[in-house]
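Undergrad: This is the structure I have questions about; it appears just below.
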Amino acid sequence: MQLKVLVRGSSQEIKWRTENYVPETINEHLEHSGPSVGAFQVACSSLVGMGDNITKEILEWLLAYPELLKSLTTIARLSNDIASTKVFPSI
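Numbering-wise (my numbering), the sequence shown opens with residue 7 and increments by one.
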């Protein structure tokens with residue numbers, strides 16, 4: 007299911023770029039572009055990679071999309087946006 011959310015977010019970003027659309031609010035931007043960062047997928051892969059130490063309760067907690075994961079997604083998205091707007095001098 008989360009892979010579908012990732013693809014939808016990326017598709018929305020492509021549509022916005024094609025139409026030269028700029029979201030009216032930061033919340034609108036983060037609603038669609040936040041999931042395309044892939045923070046959920048990284049967190050899930052990290053936990054699954056820990057092997058037998060992960061319990062069913064931990065995975066259920068992650069699937070509930072906790073505040074910690076929402077915050078990580080927001081920070082990653084905004085950091086990426088800031089970095090991609092910097093203009094580097096040509097060498």
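Ideal placement from N, C-alpha and C gives every residue a C-beta, glycine not left out.
Which one of Asp-58, Leu-78, Glu-19, Ile-20 has the shortest CA to CA distance from Val-48?
TA: That would be Leu-78, whose Cα lies nearest to the Cα of Val-48.
Undergrad: For a minimum of 4 consecutive residues, which ranges assigned as the alpha helix (DSSP H) are wholly contained in the stretch 12 to 54?
TA: Whole alpha helix (DSSP H) segments, 4+ residues: 32 to 39, 45 to 54.
Undergrad: Buried or exposed, going by whether 16 or more other CB atoms sit within 10 Å of the CB of Leu-36?
TA: The residue in question, Leu-36, is buried, as its Cβ has 16 or more Cβ neighbours within 10 Å.
Undergrad: Hey, Glu-19 and Ser-42: beta-carbon distance below 8 Å or not?
TA: In this structure, Ser-42 lies closer than 8 Å to Glu-19 by Cβ.
Undergrad: Thinking C-beta only, is Gly-40 closer than 8 Å to Arg-83?
TA: Yes, these two residues count as a Cβ contact at 8 Å.
Undergrad: So, under 8 Å CB-CB, Leu-68 and Leu-53 are touching, yes? Tell me the CB distance rounded to an integer number of Å.
TA: 6 Å between Cβ atoms; contact.
Undergrad: From the beta carbon of Asn-86, is the nearest beta carbon of chain B less than 8 Å away?
TA: In the displayed structure, chain B is absent; only one protein chain is listed.
Undergrad: Candidates Lys-21, His-38, Tyr-27: which alpha carbon is nearest Gly-15's?
TA: Of the listed residues, the one whose Cα sits closest to Gly-15 is His-38.
Undergrad: What three-state label does DSSP hand Ile-88 in the structure shown?
TA: The answer is helix: DSSP assigns Ile-88 an H, G or I state.
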